[in-house]
Amino acid sequence: MPAMRIAHLVSALVVASTLIVASVADAQIYPRFKDQVSREVFHELVTLPYYGVFDQLGFEVDRGTVTLTGQVRRPTLKRDAENVVKRVRNVEQVVNEIEVLPVSPSDDRIRLATYRAIYGHDTLQRYAIQAMPPIHILVKNGRVTLVGWVGSKMDKTIASMQARGVSGVFEVTDQLQVEEQRR
């Protein structure tokens, strides 16, 4: 009987610690917004089913107008982003300036190779296990843009170097921000 109690206690502690870690991770991923509309728009965008590391969505809120920006691989993601934001309370108008990246087998190969180079690096692997990995890889006509957040300047440098080492990449633009700059 005591062994069973210990097993239940250990299970409960594991679940509790997982929930605490998850809530801390969410607090780090989700930026602090000043208004409810921005919080809801952000939540709707990052929870879109096909939004991933090869897409980047941004937005600005001006009174009741939300302007969507960024680059996505699928036209359906552009449409879905607009549709979910239209349903957010107090949003009166949505201006959709999201660019759909051109279809290119070469760019697809570069995306995958860059993903492997960045998230396969020993120092950066910890970012790959997050629900939404923070380093987004945008590829257009062989040109790579890195956007998102990393924990240190060293991580930023390593990610950029790894992307530059991918065969077929013409140029790398590093727009990653370091966690200290984010606050």
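Just so it is clear: in the sequence shown, position 49 is 49 by this note's numbering, and no numbers are missing. Quick reminder that beta carbons are idealized off the backbone N, C-alpha and C, glycines included. Keep in mind that this is a model prediction, so the values were computed, not measured.
query                                                                                                   : result
Where F42 falls: helix, strand or coil (DSSP)                                                           : helix
Unbroken stretches of the alpha helix (DSSP H), 4 residues or longer, contained in the region 64 to 116 : 75 to 86
Continuous alpha helix (DSSP H) stretch holding D155: start and end                                     : K153 to R164
Inter-stretch contact at 8 Å, needing at least 3 Cβ pairs: the region 42 to 56 / the region 122 to 141  : yes
Host alpha helix (DSSP H) of Q56 (start-end)                                                            : Premise fails: Q56 lies in the beta strand (DSSP E), Q56 to D62, not in any alpha helix (DSSP H).
Start and end residues, beta strand (DSSP E) containing Q130                                            : Note, Q130: premise wrong, no beta strand (DSSP E); not H, not E.
For R53, the three-state DSSP class (helix, strand or coil)                                             : The sequence as given places Val at residue 53; Arg does not occur at that position. V53: coil per DSSP, three-state reduction.
Neighbourhood of I184 by C-beta, 7 Å cutoff - its chain only, sequence neighbours within 5 removed      : No statement about residue 184 is possible, as the shown extent of the chain runs from 1 to 183 and does not include it.
Nearest-angstrom Cβ-Cβ length linking E82 and L68, presumed shorter than 8 Å                            : 6 Å
Candidates D108, G64 and E180: closest to V72 by CA position                                            : D108
Helix, strand or coil at V169 [DSSP, three-state]                                                       : coil
Counted within 10 angstroms of its Cβ, other Cβ atoms place S167 as buried (16 or more) or exposed      : exposed
Under 8 Å between C-beta atoms of V150 and L176                                                         : yes
Buried or exposed by the 16-neighbour rule on C-beta atoms within 10 Å, applied to A163                 : buried
Beta strand (DSSP E) segment containing G142, residue limits                                            : Per DSSP, G142 belongs to no beta strand (DSSP E) and is neither H nor E.
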